[in-house]
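Read the structure below first, then the notes.
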Amino acid sequence: MRNLLLVLGGLAVAVAVVVGLVAVLVMSGGGGEEASQGTPTAQATGTPFAQPTGTPSATAGGELRLLGRDPLTFDPACASDVDSANYIVELFSGLVTIDRDLKIVPDIAESWETSPDGTVYTFHLRRGVLFHKGDRQVIADDVKYSLERALDPDTQSTVAEVYLGDIVGVKEFVAGSADEVTGIEVVDNYTLRITIDAAKPYFLAKLTYPTAFVVDRNQVEGSTCLSDTNWQRHPNATGPFKLKEWDLGQSIVLEPNKSYHLGPPLLGRVEYILGGGSAVTMYENDEIDVTGVGLNDIERVRDPAEPLNKEFQEAPRMDIWYIGFNVNTPPFDDPKVRQAFAHAVDKDKLIEVVLLDAVVEADGILPPGIPGFNENLQGLEFDPELARRLLAESKYGGPEGLPDIETASSGRGASVGPVSEAVLAMWEENLGVKVSVRQTEFATFLRDLRDGKFQMYELGWVADYPDPENFLKVNFYSGSRNNYTGYAGPELDRLLEQADTETDEATRLSLYQQAEQLIVNEALWIPLFHDKFSVLIKPYVKDYTLPPFVIPRLRYVHIEE
Amino acid sequence: MQGILPFVMRRLVWAPFVLLVVSLATFALGRFGPGDPVEILEGQYHNPEVVERIRHERGLDDPFFVQYGRYMWDVLHGDLGTSFTYMGVPVEDIIFDKMWVTIQYNLVALLIIFAIGIPAGIWAALRQGTWQDPLTIGVFLFLTSVPVLVTIPVLQFMFALKLGWLPSSGWVERDILGLKLGILDKRIIMPILALSLPGIAGVARLMRAQTLEVLDEDFVRTARAKGLREVVVISRHVARNALLPMTTIVGFALVGLLGGSLFVETLFGIPGIGQFTWKAVFNSDYDVIMAVTLITATAFIVANLVTDIVYGFIDPRVRLGGGGPRY
Amino acid sequence: MAEARLALEKPMEEGRPPFGATALRRLLRKRLAMVCLVVILVIYLAGILAPLVAPYGYNKQELDNAFAGPSLAHPLGTDRLGRDMLSRVIWASQTTVIISAAAIFTGGLVLGVGLGLLAGYAGGRVDNFIMRVADAFFALPDILLLLLITATVRPRVEALFDKFKSWPVAGGLVEAGAPDYFLVFGALALFGWVGIARLIRSQVLSLRESDYVLAARAMGVSLGRILARHLLPNVSNIIIVSVTFSLGAMAGTEIMLSWLGIGITYPHPSFGAMIAEGSDLSSLRAHPHLLLVPATVVALLLFAFNLLGDALNDVLSPRRR
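If you read the protein sequences in the order shown, they are chains A, B and C. One gets the numbering used here by counting positions in the first sequence from 1 and adding 639 to each. One gets the numbering used here by counting positions in the second sequence from 1 and adding 14 to each. One gets the numbering used here by counting positions in the third sequence from 1 and adding 2 to each.
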């Protein structure tokens, strides 16, 4: 017993010493990055209604610290969400890219010609584009390999066909009846010819999306979107940045690719802190250099008297946040029900009170600023009486006749978010319908969405390129993989197909506007709002672009001492 | 040591049995739970033939026990499956790093709990009868009552927001002798504080109760009557007898700590296993869930076994009798 | 013979810990304990009578009145969606009441007392088995396991309850969130029986050898009678103290589960959800009442349970001073 006591006494002393030591160490050292979004009310990964987090800050050769989220994947062939795409566009590159002025500019391809009928693109590759490892140059074969790998059914990409499906021979390749995509032709080491099935003006823009990015065959051979993903921890790519380190759930560190063919980045290091934490608090503590501003801080930073106001910036985003319906499941198989739900949402109140005007109300699908945006679009206005009437006229006869309804959103934790809660309460009050919520993490959410498991769902769509086709055809065309509504309307399809090949810009846009009005009338989605960038940027961070959609932009950023 | 061997044997026999039951139960929950494992694998390709083919390839149409056996066989060979949250990444690559993070700060908290709780409890016991006694009991009780998920935002508000003394969140690792240690950073002060407060109070209460009981005993009166200095009486006679049952508490204290880890990690942004398990559950990441359950259960059963055996050594009444005092 | 039998069947009185009127009197003298009792009763009553007492529904929002300060209409202000904080607290109390009561009844009383009595009285293998199982449960980290269990079992429970959706009364209950409640209190009961069972068992173990019981057994008194008239009154004190502490612990666990999103989920009321919504640092800075209101109530309730339990312990166990 005596010994026991001695041991314990000693332990206590040891602990005291350790604690003292720690205290000393801690007070002296300790600065450095912080980042963790700890709180459960912060919308979890991928929730559409979350605010964009963080922006990198960097100094010429300097360091930029941002908040970020764990990507779902680093494989360009598999990326379908904004979080992953944000990293991928900095690590990888393709034939063409979009610059800060939102123009399509050469990337790996230094020039190209289009055939007179608009269906054949001949790309001339730059010489000397090196993979990150520096071991070899990119040649046309690599591009063909990357494109075909993305389309290969074995790779199990859910998005490749959406962005590359216009290429001739894709259908056969995907069906397995062809060994290659005949429309992609390697003419010689530095010349690649791509033939598409019709003259589509947006095709080049589609090539700026990750599915067209180049990967290293030696590295990725045999891997798919679901397996053998280890190469993603150290990708051998061609983009402006290299992946220095990915500490799962903790941080992602990028370092510049000094031999990037469009010019080396001005930053020395970019660190994304993934753990989470109170973003604005961290920004104020100088732990990160850029941050998104959430609903709880927005009023404070908008106030001119607040010092942070000088560092506050806003910029429009080309996106749409909405509630989507699965038109193949009851009760949303009846358009009257969908319309009733749409008319029961008081968007004005939602945006003014719940979202504090940090976003822009949406009546239609297309965001302002995109070609084809229709100011005169007739949206489904808030009209509770009309809503109730429509519900009564539907084949379900009213709220009592409806089956159980569940909406799906991504996230976890007790809170489903103020927007969801507000809308659900509106439906209960204005329609007398109680809707329950199913929450899952983003990856599972996407998977279940694709499997058609939800009656309705909350999601957002950010533009890939500034063209209405990206919003309307990709999401509503009956043959599109991305059409989660399941809607197949001949009239809509006709409009979209016509717009595809219409050469007169004005007519084309008018066709898209007609399509949009149809979509709105059918209430396939309830468009809620278009997001805005609301960020705080440290004054020493320069040239930090706030683009309306995902483009590579970190290479322009630099830090001023 | 007459009674030791059968005592140890008895304990040893039950441990693997419990493990078996726990692993079987979790596996069953996983296989019969929501989400067809095949769907996870084949993505959105809805060809029923493909589904069947994959199902057969992966052995998912084998009888339950065959699947279970196969899984356990893999586990014993170090293959814990692959994650869905981090698509395709092997589970062992993910969870051991995170477990190390969680264990680090929990160990520190455990040390603090006993280093402060034990003396505090003794002190409180000696104050019985004075006005300080109910006050301290009250303080202890309060600290054990308030849930961690309430104290953390309050602490963050005070120390990070208002006073600015400590960072509000984060986890920074330093490489010390090849070990990645995150506990040598001031960031860890608040989390450990929040985590240990209820523990300190709990240990103090128990220690106080134990000490009071011992103070009642005859040998204490004897010692005092002999004229020994109070300090000697306390430290040599009282404390060491009161400390005995504390050894059993260590295990439970750790259990309590780990339960609270989930909240600490989420609210402070510490990349530990608690937070990740929560994420995995919401992602239906079965391989991760199974692995974490198995490992945690094993760890605890072993820990309890060791505690019991140690206690059996220390207190002969335990191994000769039926069981020791339990709390 | 008849008189002898009757005399021996009289429940033991000497040397027993205080019971009934004595205990109550001593408890009443402890003012602090009384205050705690009152606090608990107020919260519980508010919860039980929620439909009558709460001015608004849990989710009733008034978007025109968001983040309102305290006023006559909203004594505790409103939250982001204009929901009345006072009403939310009252409805959340109802959830806590239902869950802890149900969990205590099944887990604590039925399972805990039942198994404790059984283990203590039967002894031998039965005792061994039950205690090993108890050890196993006690040894595992409950929150983690609850997380796993509830998340995995939930869809099954929901599917099960769906069958009752169309029934007249049961249907309404299902609407009101019965699956959630069932899941949570089931899970709590699963882990909650261990403590009580252990205590009861050790008490029964010692009582089993007492004179009265031995005599009763010798005379062939039935097991049921022995349990009911001899053992039960003596363990009732333990039960009372244990239940008090357990109620607090179970309320705490429910709050944690709901906070995680695996307990009582949206749209059903819970303190966990309210605390989660108020915990974000930015929210805390801008609108501290979102956290402080539910946090204070929760802290008060749990503290009251613990204080009361401590006081009861003092009153009901003969040895403590």
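Ideal placement from N, C-alpha and C gives every residue a C-beta, glycine not left out.
Minimum C-alpha distance to residue i - residue among the options
i	options	result
C/L304	B/D189, B/V162, B/K200, B/M221	B/V162
B/L229	B/T165, B/A218, B/E244	B/E244
A/P755	A/V853, A/A838, A/V1174	A/A838
A/L995	A/F1168, A/G861, A/E1199, A/Y922	A/F1168
A/D928	A/R1089, A/Y726, A/R704, A/L1150	A/R704
C/V206	C/R33, C/A180, C/L120	C/L120
C/L209	C/L234, C/G263, C/A75	C/L234
A/G1071	A/A1026, A/D805, A/A1127, A/F1172	A/A1026
Separation of residue j from residue i, as counted between CA atoms
i	j	result
A/L1098	B/P133	55 Å
A/P691	A/G1050	Per-residue confidence for A/P691 stands at a pLDDT of 37, beneath the threshold of 50, marking its modelled position as unreliable; no derived number is given.
A/P710	A/D818	32 Å
C/R231	C/V237	11 Å
C/L302	C/V41	8 Å
A/D936	C/A297	22 Å
A/S1033	A/G1040	10 Å
A/K986	A/R1077	23 Å
A/D827	A/H1197	38 Å
B/A305	A/V966	39 Å
B/A29	A/E729	52 Å
A/L1193	A/S1075	41 Å
A/E1200	A/E910	18 Å
B/F173	B/P167	10 Å
C/G197	C/F140	8 Å
B/Y341	B/I263	Its pLDDT being 31, under 50, B/Y341 is placed unreliably by the model, and the measurement read from it follows with that caveat. Rounded to the nearest angstrom, the two C-alpha atoms are 8 Å apart.
A/V940	A/G963	33 Å
A/L989	A/E1020	13 Å
A/V744	A/V777	18 Å
A/I833	A/D886	39 Å
Unbroken alpha helix (DSSP H) run spanning residue i, endpoints
i	result
A/Q1078	No alpha helix (DSSP H) holds A/Q1078; the beta strand (DSSP E) holding it covers 1074-1079.
C/R200	180-210
A/H1169	Per DSSP, A/H1169 belongs to no alpha helix (DSSP H); it is in the beta strand (DSSP E), 1164-1169.
C/V155	144-164
B/V89	78-90
A/D936	934-941
A/K845	842-845
Limits of the unbroken beta strand (DSSP E) element including residue i
i	result
A/F1270	Limits of chain A in this structure are 640 at one end and 1200 at the other, which puts residue 1270 of chain A out of reach.
A/Y760	759-764
A/L1135	A/L1135 -> not in any beta strand (DSSP E); alpha helix (DSSP H) instead, spanning 1129-1140.
A/P895	890-895
A/W751	748-753
A/R788	It is not in any beta strand (DSSP E) - A/R788 instead sits in the alpha helix (DSSP H) that spans 779-790.
Whole-angstrom C-beta distance between residue j and residue i, which should lie under 8 Å
i	j	result
B/A218	B/L169	20 Å between Cβ atoms; not a contact.
A/E1155	A/L934	About 29 Å separates the two Cβ atoms, so there is no contact after all.
A/D958	A/D1170	5 Å
B/T99	C/L149	Contact flag wrong, Cβ pair sits at about 15 Å.
B/F171	C/L286	5 Å
Notebook entry, point to check: Is the stretch 242-251 of chain C touching the stretch 118-128 of chain C in the sense that three or more CB pairs, one from each, lie closer than 8 Å?
Noted result: In short, these stretches do not touch, since the Cβ pair count stays below three.
Next item on the list: Report yes or no: do the stretch 1155-1170 of chain A and the stretch 1179-1187 of chain A share at least 3 C-beta pairs separated by less than 8 Å?
Entry: With a cut-off of 8 Å on Cβ pairs, the stretch 1155-1170 of chain A is not in contact with the stretch 1179-1187 of chain A, counting fewer than three such pairs.
Margin query: With three or more beta-carbon pairs closer than 8 Å as the criterion, would you say the stretch 260-278 of chain B touches the stretch 117-124 of chain B?
Written below: Contact holds: three or more Cβ-Cβ distances are below 8 Å.
Next item on the list: Say whether the stretch 304-322 of chain B touches the stretch 100-112 of chain B, bearing in mind that this needs 3 or more beta-carbon pairs closer than 8 Å, one atom from each stretch.
Entry: Touching, yes.
Margin query: When you compare the stretch 217-225 of chain C with the stretch 75-95 of chain C, are there three or more beta-carbon pairs, one atom per stretch, that lie closer than 8 Å?
Written below: Verdict: no, contact absent.
Notebook entry, point to check: Are the stretch 181-198 of chain C and the stretch 91-104 of chain C touching by the rule of at least three beta carbon pairs closer than 8 Å?
Noted result: By the Cβ rule, the stretch 181-198 of chain C counts as touching the stretch 91-104 of chain C, because three or more pairs are nearer than 8 Å.
Next item on the list: Kindly confirm or deny that the stretch 780-788 of chain A and the stretch 1098-1112 of chain A touch, where touching means at least three C-beta pairs closer than 8 Å.
Entry: With a cut-off of 8 Å, the stretch 1098-1112 of chain A and the stretch 780-788 of chain A do not count as touching, because too few Cβ pairs lie within range.
Item checked: Any 3 or more C-beta pairs closer than 8 Å across the stretch 794-802 of chain A and the stretch 851-867 of chain A -> In this structure the stretch 794-802 of chain A lies against the stretch 851-867 of chain A, because at least three pairs of beta carbons, one per stretch, are closer than 8 Å.
Note to self: With three or more C-beta pairs closer than 8 Å as the rule, is the stretch 178-191 of chain B touching the stretch 200-207 of chain B?
What the structure shows: Contact between the stretch 200-207 of chain B and the stretch 178-191 of chain B is present: three or more C-beta pairs spanning the two stretches fall below 8 Å.
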